[in-house]
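Heads up, the thing below is written out as structure tokens.
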Amino acid sequence: MIPYGRQDITQADIDAVVGVLQSDFLTQGPMVPRFEQAVAQHVGANHALAVNSATSALHIACLALGLGQGDWLWTTPVTFVASANCGLYCGAQVDFVDIDPRTYNLCPQALARKLEQAERDGNLPKVVVAVHLCGQPCDMQAIHALAQRYGFKVIEDASHAIGGKYRDEFIGNCRYSDITVFSFHPVKIITTAEGGMALTNDAELANKMALLRSHGITRDPAQMTHESDGPWYYQQIDLGFNYRMTELQAALGVTQMERLDQYVARRHQLARRYDDLLAGLPVTTPWQHPDSYSGLHLYVIRLQLDKIGKTHRQVFEALRELGIGVNLHYIPVHTQPHYQRMGFGSGDFPEAERYYAEAISLPMFQAMSEAQQDEVIAALRKALAA
């Protein structure tokens, strides 16, 4: 079966991991800072904190921004559940903003309308998580302007988007946000097996997140409540977590970063070819905003169901039966049972629900061959046939 995503592991990656296995440090050694520096320098951010997952990065980002009981976090319903769950982890309440029908990202016009009402009601969000779905950045300039007006903090959930650009600058530079989060899961653009990273230009936020990722423990005498007892001494000054990244993961990340631009360029080649091969079929291909250069983690088509004599599910299952590992990103979070028990229901975010009723993620990974892509298209033609 052709998977929807797949990591690309080279001999250089293997050698880097083996080198760590033969070294003195399997964790908390020199490789994690090296990986952090490589990512920060590439995207143009001042600080980078590597952690064990993007979910962990979202959690400590929210905590560092002071999200807690009585606060609100808003995000898009079309995302993985972690983009919303991070607010619940902090004891905050969560709400959603419907998507733009072309980019599938959080709609800035819908956000502006919701903020106007929230200001009147006295329940403005403390944090908005803007998710760069499929690797295409949100309209961050518009979201940033609203943040300045209404006083909320912005997290860019760029789990899909490392290597992409917004207005000709790399996503992750935090020009329009307080913190940006990347994911390095195996199906993402680069991988550390599992892993994530939080980036910021604010030294205080970076220090808070560094503390939170490792039990709230410090060895810095300047942060301690009294003079150190000796060279062995540390203090727990906050309630943190064990969210550290290992040296093995970071070593893989360092070598993967060397191929990041190549990987994204290849994904763009595949996307252009998909666009050409899909022309004339009853599907809607991804629209790219002129301000964006997507990381293209995903290539999502939408079925034009009024032109197809089959249901969404029938097309999806036919593709799977033909050996095409299609997927669906994502089930709108507000339709999940956990969130429905909070009061959300079908019809709350109609654009997101329309998207879900039509979307299919086609295989997209940097090592994908043109022959594999031709196989995907042939299977899709067969699946769409009446």
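Here the numbering used here is used: the first residue of the sequence shown is 529, the next is one more, and so on.
All C-beta atoms in this analysis are idealised placements derived from N, C-alpha and C, irrespective of residue type, glycine included.
Query - Option in PRO891, TYR694 and LEU798 with minimal Cα separation from ASP667 - result: TYR694
**Report entry** Whole-number beta carbon distance between PRO891 and ILE530, since they are thought to touch under 8 Å
**Finding:** 5 Å
Query raised in the report: Beta-carbon separation of THR812 and ARG830 under 9 Å?
Result: yes
Query raised in the report: Where does LYS736 land, buried or exposed, given buried means 16+ other C-beta within 10 angstroms?
Result: buried
Query raised in the report: Going by the CB atoms, is the gap between ALA673 and LYS681 shorter than 9 Å?
Result: no
Query - Exposed unless 16 or more other CB atoms sit within 10 angstroms - verdict on PRO665 - result: buried
Query - Distance between ILE690 and TRP815 (C-alpha atoms, nearest Å) - result: 19 Å
Query - Bridge partner(s) assigned by DSSP for TRP602 - result: ASP623 and VAL656
Requested in this report: Go to MET559, then tell me how far its alpha helix (DSSP H) extends in each direction, as first and last residue.
Outcome: 559-571
**Report entry** Three-pair Cβ contact test at 8 Å for the stretch 607-616 versus the stretch 746-761
**Finding:** no
Query raised in the report: Going by the beta-carbon positions, is the gap between THR719 and GLN784 smaller than 9 Å?
Result: yes
Query raised in the report: Is DSSP giving GLY853 helix, strand or coil here?
Result: strand
Requested in this report: Could you pull out every residue in the same chain whose Cβ sits closer than 6 Å to the Cβ of ILE699, ignoring the five residues on either side in sequence?
Outcome: PRO665, ALA686, ALA689 and GLY692
Report task. Would you mind sorting ASN701 into buried or exposed? The rule is 16 or more other CB atoms within 10 Å of its CB. Result -> buried
Report task. Would you mind giving the Cβ-Cβ distance between MET725 and LEU577, rounded to the nearest angstrom? I have them listed as a contact below 8 Å. Result -> 6 Å
Requested in this report: Starting from the C-beta of CYS635, find all residues in its chain whose C-beta is less than 7 Å away, skip the five residues before and the five after it, and write them out in chain order.
Outcome: VAL625, ASP626, ILE627 and ASP628
Query raised in the report: What do you get for ASN633, buried or exposed, if any count of 16 or more other CB atoms within 10 angstroms of its CB means buried?
Result: buried
**Report entry** Selected residue, minimal CA-CA separation from ALA568, among PHE710, ALA721 and ASP876
**Finding:** PHE710
Query raised in the report: Which residue comes first and which comes last in the beta strand (DSSP E) that contains GLU786?
Result: Note, GLU786: premise wrong, no beta strand (DSSP E); not H, not E.
Query raised in the report: Candidates CYS590, TYR678, ASP902 and GLU564: which alpha carbon is nearest ASP803's?
Result: ASP902
Report task. Please name the residue or residues paired with ASP804 in a DSSP beta bridge. Result -> The partner list for ASP804 (beta bridge, DSSP) is empty, contrary to what the question assumes.
Query raised in the report: Relative to the alpha-carbon of ASN574, which residue among VAL546, ALA734 and LEU601 has its alpha-carbon at the smallest distance?
Result: ALA734
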